[in-house]
Amino acid sequence: LKVTVPLFVAEGDTIRVDFDDGPANQPVRYIGVDAPETVAPGIPVQPFGPEASNENARLLAGRRVCLEKDISERDRYSRLLRYAWLPDGTMVNETLVLAGLATVDTFPPDVKYVEQFTTAQAAAREAGRGMWAP
457 LKVTVPLFVA
467 EGDTIRVDFD
477 DGPANQPVRY
487 IGVDAPETVA
497 PGIPVQPFGP
507 EASNENARLL
517 AGRRVCLEKD
527 ISERDRYSRL
537 LRYAWLPDGT
547 MVNETLVLAG
557 LATVDTFPPD
567 VKYVEQFTTA
577 QAAAREAGRG
587 MWAP
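At position 9 of the sequence shown (counting the first as 1) the number is 465 in the numbering used here, and the numbers step up by one without a gap.
Dropping the structure here:
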């Protein structure tokens, strides 16, 4: 796990960070989840996209974050692929799914927490949270 300082939230599933012991202003894409788009070129803002971005920003506000690598280092857009953990042990990826603001979206071989995410998505759907609201 690498400790970083989040610079800003780009979207519900993407942030930029400065590493304590390394490069600055690095894009990080959360592994295993997909939040609705808000800034993708040529794609209109999707429902619950702003809410996902706002929740991501709220979760990270004023906190350092630990980033955990799975298997892959970067995606096709050169973003680091990581699970994001808050100091209290909360995983940001899972929290967004549980809130109904992101869905499970896995790309093998990066599937370490897929069962956790699937359980969180089922709970969000059953409770009618976020995008699962009636």
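Backbone N, C-alpha and C fix where the C-beta goes; we use that ideal spot for every residue, glycine too. Given the structure is predicted, the values throughout are model-derived calculations rather than measurements.
Beta carbon of residue i nearer than 8 Å to that of residue j
i	j	result
Leu537	Ile487	yes
Glu493	Leu557	no
Val495	Glu467	yes
Ser439	Val465	The structure shown does not extend to residue 439, since the chain spans only 457 to 590, so no value can be given for it.
Ala555	Glu582	no
DSSP three-state assignment for residue i, whether helix, strand or coil
i	result
Arg581	helix
Leu557	coil
Ala540	strand
Glu571	helix
Ala517	coil
Pro483	strand
Ala466	strand
Extent of the continuous beta strand (DSSP E) to which residue i belongs
i	result
Arg530	Element bounds for Arg530: n/a, residue is neither H nor E.
Paired residues, beta bridge with residue i - DSSP
i	result
Met547	Trp541
Val495	For Val495, which the question treats as bridged, DSSP gives no partner whatsoever.
Glu524	Tyr539
Val489	Val560
Distance cut-off 7 Å: residue i Cβ against heavy atoms of the ligand FAD
i	result
Pro492	Only the bare structure without any ligand can be found here, which leaves the ligand FAD out of the picture.
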